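Those protein sequence lines, which keep their order, are chains Z and F.
For the first sequence, counting from 1, position 177 maps to 392 in the working numbering; every step adds exactly one.
For the second sequence, counting from 1, position 99 maps to 507 in the working numbering; every step adds exactly one.
Every residue, glycine too, gets a C-beta built ideally from N, C-alpha and C.
What you are looking at is a predicted structure, and each value in this text was computed from that prediction instead of being measured.
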Amino acid sequence: MKTYVAQRLGIAVLTLLGMSVVIFVLLRLAPGDIVDILFSTAGFVDPGARTEIMRELGLDRPLWVQYLEWLRQILSGDLGKSYRYDLPAWEVIRPLIPVTVELAVLSTLIAVLLGVPTGVVSAVRQDTTLDYVLRVVSLAGLSMPSFWLGMVIILGLVAWLGWIPPMTYVRPTENFRLHAVQFLLPALAVGYRSSALIMRITRSSLLEVLREDYVRTAWAKGQRGRVVIWRHALKNAILPVVTVIGIEFAFLIGGLVVTETVFNLPGVARFLVQAILWRDYPIVQNLVMFIAIIVILSNLLVDLLYGVLDPRVRYGR
Amino acid sequence: MRRFRILTVMGGLMLAALVVASTPVAGQAPRPGGTLNVMLREDLPQGFAIHETATISTVFPASPCFNNLVYFDPLKPVESPDTIIGELAEKWSWQDNYRNLIFFLRKDVKWHDGKPFTSKDVKFTFDMLREASDAPAKLRINPRKDWYANVEAIEAADAHTVVFRLKRPQPSLLTMLASGYTPIYAAHVPPASYRTGCIGTGPFKLKEWRKGEFVEFVKNPDYFVKGRPYLDGLRYVVIQERGTRTAALQAGQLDVAFPGETTKTTAEQLKKAVPQLVAAPVGTAVSDNIIMNVKKPPFDNVKVRLAVSYAIDRRGLIQAVHQGGAFLAGSLPSRPFGIWGLLEKDLTALPGYGKLEDMKARAKKVLAEAGITPQNPLRVEMVTRAIAIYVDMASFVINELKQVGIEATLKQIETAQWHAMATRGDYQIGANLTGLGVDDPDANFYENYGCASPRNYSQYCSEQVTTMIDQQSQELDPKKRLALVHAIQKRLEEDAARPILDYRLDYFTVWPHVKNMIPHHNIYNFGRMQEVWRDK
């Protein structure tokens with residue numbers, strides 16, 4: 216087991232290194248740079264000033280030197296300095312992480328709590344009216360972009376109740392109730408879409424397992440339905456569901472851009488887009504690396520859970 | 409034309425309604441206290457460093473921290489030399505036939521860090537802006553250096569007297585000093601520090617800037633105007649999504665909209681949902697215009713440029729793209745939204761402003777003279793910024809050009825590249841927006857039509873026009889100067905130097921409990937918030 220984890224971590228480090236090259240190169244390939252942006256807000260370009268700013272920001276050095284400098288910074292725990300804010304990058308990034316992680320966790324929780332039970336009910340009541348209703352509801356969830364649902368929620372609340380959740384981020388330490396209200400609606404908007412996916416996977420996976428011999432044997436032995444479904448069938452049907460949950464969580468960390476924008480939450484995803492538009496290289500590079508780390512860790516966690524959930528899968532024997 | 413007149417009258421009436429609604433009724437004393445929640449469309453680019461930027465996203469939220477020597481009266485929507493009031497300057501005097509401008513400074517002013525304000529700060533600021541050889545500091549980017557090209561020296565005669573010595577008379581200098589883009593920086597603070605914080609003399613002190621979330625100010629208890637500001641604080645809330653920020657305004661989480669952001673359609677929707685909201689059209693000093701590179705074929709041929717100008721139905725553009733929320737003018741906004749613009753009767757005779765059928769026919773005629781016919785159409789690439797307000801306008805223009813035999817394809821340029829491309833003249837024709845930092849001929853003409861100006865995107869350069877611009881700049885008789893300014897505008901349109909299509913209106917919206925928040929006909933110059941109070 217330890218060897219497996221070590222191997223996976225080793226691969227993760229190599230993946231991150233590869234990612235760092237790709238991020239660095241792609242970002243530099245994008246037309247325009249921070250200096251162009253600065254001149255854009257001034258409405259003109261001054262070639263003399265441009266040279267000076269390039270030097271000031273270290274952008275006049277060869278690309279490979281800039282890349283190695285970034286790696287050196289990461290290894291020494293220093294993430295560099297935001298070009299736009301003229302502040303240490305970590306100081307800018309640090310407050311964003313809890314917002315996105317909280318939203319992703321809450322959305323995933325809602326997705327699981329909605330998706331797994333409805334998937335089970337839908338499978339057990341296959342081809343009944345309830346099954347059809349649940350499938351239509353899940354199809355709607357899959358077809359509806361979460362940002363659109365978010366916009367409908369916001370505009371609906373304004374139109375019907377004259378109320379919307381706070382549009383300035385409320386920290387839990389400032390006002391926990393408002394904080395919870397602020398996160399619940401976007402989490403529902405995002406969680407609904409994910410729950411639909413989880414419901415579909417749970418249903419199809421469970422239907423497959425319910426046809427297995429050992430389930431039939433359990434029924435034949437006269438075990439109670441709840442025991443057969445939840446203890447025997449679902450435990451084996453849950454593997455693909457866990458995979459989907461892991462992928463969805465990882466996807467959410469980087470994919471909440473529009474939801475964070477619509478609900479005005481100052482998270483990683485929204486900020487990343489802004490940083491890309493500003494060509495704020497230190498912020499973009501480090502945020503993308505953060506997302507890559509979360510994706511890699513999510514996948515690792517899913518793999519390890521496999522071993523716990525399925526006795527047939529064991530590592531390092 | 410009739411529609412334009414009706415719009416003008418209605419605009420005046422609605423603005424009067426806004427002024428009435430947002431000023432105290434007779435006998436109602438301003439009520440101190442409370443915090444005002446103000447809309448912000450994006451986080452502050454370059455923080456509070458107003459001197460290093462040219463965007464409302466910086467100047468509006470940073471203004472409460474600062475003072476100018478002089479400023480436009482916050483309670484008067486029309487900005488003119490007559491509405492300029494003193495801020496850090498108690499009084500001022502032109503001497504030597506407008507060659508010297510002397511400011512007598514207030515003696516009771518302190519910076520937010522407690523240090524006294526003196527003439528050294530004024531000299532420091534303007535030596536830095538005009539890039540004097542002995543300036544003690546330098547800006548990273550200096551967008552308005554040209555405004556001070558005529559300043560020969562700045563002398564701090566004593567701690568509270570400053571003299572601006574000019575190379576030649578220039579009455580506009582005072583107007584430019586009244587712009588929101590002309591705050592005084594502290595000499596004892598590095599200019600770069602304004603990118604992350606703000607030490608000013610203004611009515612509000614910076615409390616916190618939480619990146620991407622909000623900027624919060626608190627009342628400056630030592631402010632030199634007794635009893636001001638009325639508000640205890642200001643909170644500028646960053647909301648990037650347009651629909652969300654409109655919803656936040658509608659739901660009452662914001663008290664005030666962002667200047668230049670509310671279209672006519674949005675204002676109508678808001679008023680329908682919440683009838684008590686106060687919205688009225690005000691000028692923005694932002695024009696839709698066409699830039700054509702006069703140094704590259706085919707637009708080095710004035711006939712081709714004129715054809716473009718003739719071809720575009722400006723009134724159609726106002727209706728189709730702005731739903732009526734814009735007005736016609738030349739290179740300066742006209743009354744009631746400005747004081748220097750050409751009058752309606754003068755516009756009618758200019759390319760593109762006459763009868764629609766006549767204009768289209770003239771476009772085809774001059775194109776034919778330039779050798780361009782339906783059998784031999786002109787094919788060009790029209791660039792514009794990849795932002796909806798640009799693209800909408802450009803799409804309309806492309807359709808207009810097609811009707812006269814110019815086949816234009818749209819090329820969207822990302823913001824990161826737009827100004828670099830325009831400054832280099834690396835394009836043929838483009839659909840552009842131009843904001844005027846202040847409604848003034850000098851500020852506009854030198855910046856956008858000056859032969860060597862980096863913002864002269866068309867690279868238009870006329871010796872005769874340059875002479876006329878210099879003449880109006882030093883003309884001391886207001887009537888003669890206005891006549892010269894009108895002549896220049898006519899000439900610019902006749903040369904199709906940068907055909908102006910319209911000036912956008914803003915339907916600035918506030919809740920009725922917000923008092924003394926009077927939008928000006930220029931989005932950049934009413935951000936101080938000193939007089940604003942909450943009746944709630």
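Reduced DSSP secondary structure (H/G/I, E/B, other) of residue i
| i | result |
| --- | --- |
| Z/ALA221 | helix |
| F/ALA659 | coil |
| F/GLN880 | helix |
| Z/PHE464 | helix |
| F/ASN840 | strand |
| F/PRO927 | coil |
| F/ASP914 | strand |
| F/MET418 | Below a pLDDT of 50, predicted positions are generally treated as unreliable, and F/MET418, at 46, falls in that range; the measurement from the model is reported next regardless. F/MET418 falls in the helix class under three-state DSSP. |
| F/ILE908 | strand |
| F/GLN820 | strand |
| F/LEU513 | strand |
| F/GLU792 | Reading off the sequence shown, one finds Thr at residue 792 of chain F, where the question assumed Glu. Note: F/THR792 maps to strand in three-state DSSP. |
| F/LYS672 | helix |
| F/SER695 | strand |
| F/LEU547 | coil |
| F/LYS621 | A quick correction: the sequence has Glu, not Lys, at residue 621 of chain F. The answer is coil: DSSP assigns F/GLU621 none of H, G, I, E or B. |
Those residues which DSSP pairs with residue i across a bridge
| i | result |
| --- | --- |
| F/ASN508 | F/GLN503 and F/ARG573 |
| Z/ALA264 | According to DSSP, Z/ALA264 bridges with nothing at all. |
| Z/MET366 | Beta-bridge pairing links Z/MET366 to no other residue. |
| F/LEU448 | F/VAL646 |
| F/PHE480 | F/ILE492 |
| F/PHE735 | F/TYR911 |
| F/PRO689 | F/TYR915 |
| F/PRO524 | F/LYS518 |
| F/THR781 | F/ASN784 |
| Z/PRO303 | Z/LYS296 |
Cross-chain neighbours of residue i in chain F, by beta carbon under 7 Å
| i | result |
| --- | --- |
| Z/SER255 | THR823, ALA824, TRP826 and HIS827 |
| Z/ILE200 | The structure shown does not extend to residue 200 of chain Z, since chain Z spans only 216 to 532, so no value can be given for it. |
Contacts of residue i in chain Z (Cβ-Cβ under 7 Å)
| i | result |
| --- | --- |
| F/LYS619 | TYR300 and VAL307 |
| F/ILE908 | Under the 7 Å cutoff, chain Z gives no residues; its nearest Cβ is about 17 Å from F/ILE908. |
| F/PRO453 | THR256 |
| F/THR1012 | Lying outside 409 to 944, the shown extent of chain F, residue 1012 of chain F is not represented and no answer is given. |
Minimum C-alpha distance to residue i - residue among the options
| i | options | result |
| --- | --- | --- |
| F/ASP535 | F/VAL571, F/MET876 and F/HIS520 | F/VAL571 |
| Z/ALA600 | Z/GLY470, Z/LEU425 and Z/ARG439 | The structure shown does not extend to residue 600 of chain Z, since chain Z is modelled only from 216 to 532, so the question has no answer here. |
| F/GLU901 | F/ARG548, F/GLY610, F/TYR718 and F/TYR631 | F/TYR718 |
| F/ASN508 | F/LEU751, F/VAL467, F/ALA564 and F/ALA860 | F/ALA564 |
| F/TYR761 | F/LEU909, F/GLN454 and F/ASP516 | F/LEU909 |
| F/VAL559 | F/LEU547, F/HIS568, F/MET584 and F/LEU751 | F/MET584 |
| F/TYR593 | F/ASP566, F/TRP919, F/LEU547 and F/GLU669 | F/LEU547 |
| F/PRO438 | F/THR673, F/LEU452 and F/TYR638 | F/TYR638 |
| F/GLY691 | F/ASP943, F/THR443, F/VAL467 and F/ILE931 | F/ILE931 |
| F/ALA470 | F/ALA462, F/ILE458, F/ASP481 and F/PHE480 | F/ILE458 |
| Z/PRO497 | Z/GLY258, Z/ASP525 and Z/LEU302 | Z/LEU302 |
| Z/ARG309 | Z/VAL336, Z/LEU354, Z/LEU241 and Z/GLY482 | Z/GLY482 |
Proximal chain F residues relative to residue i, where beta-carbon distance stays under 9 Å
| i | result |
| --- | --- |
| Z/MET359 | In chain order: nothing, as chain F lies at least about 17 Å away. |
| Z/VAL443 | By Cβ distance, chain F contributes nothing, its closest Cβ being about 48 Å from Z/VAL443, past 9 Å. |
| Z/ARG494 | ALA824 |
Chain-ordered chain Z contacts of residue i [CB-CB under 8 Å]
| i | result |
| --- | --- |
| F/ILE647 | MET382 and ASN479 |
| F/PHE511 | Under the 8 Å cutoff, chain Z gives no residues; its nearest Cβ is about 27 Å from F/PHE511. |
| F/THR461 | THR256 and ALA257 |
| F/PHE622 | THR383 |
Cutoff 9 Å: residue i Cβ touching any chain A Cβ
| i | result |
| --- | --- |
| F/PRO862 | Among the protein chains in the structure shown, which are Z and F, there is no chain A. |
Chain Z contact residues for residue i, given Cβ-Cβ distances below 9 Å
| i | result |
| --- | --- |
| F/ARG836 | It should be noted that the sequence gives Gln, not Arg, for residue 836 of chain F. Per Cβ cutoff of 9 Å: no residues; F/GLN836 is ~19 Å from chain Z at best. |
| F/ARG349 | Look at the range of chain F in this structure, 409 to 944, and you will see that residue 349 of chain F is not part of it. |
Chain F residues whose Cβ lies nearer than 8 Å to that of residue i
| i | result |
| --- | --- |
| Z/TRP378 | ALA659 |
| Z/LEU370 | GLY651 and ALA655 |
| Z/ALA264 | ARG548, ILE549 and ASN550 |
Interfacial residues, the segment 535 to 551 of chain F to chain Z, with Cβ spacing under 8 Å: ARG548, ILE549, ASN550 and PRO551
Contact list for the segment 449 to 476 of chain Z against chain F, Cβ threshold 9 Å: VAL473 and THR476
Residues from the segment 661 to 695 of chain F in contact with chain Z, defined by Cβ distance under 9 Å: GLN661, LEU662, ALA681 and VAL682
Proximal residues, the segment 593 to 619 of chain F versus chain Z, C-beta separation under 8 Å: ALA600, ARG603, THR604, ARG618 and LYS619
Where the segment 416 to 427 of chain Z meets chain F: residues whose CB sits under 9 Å from a CB there: none
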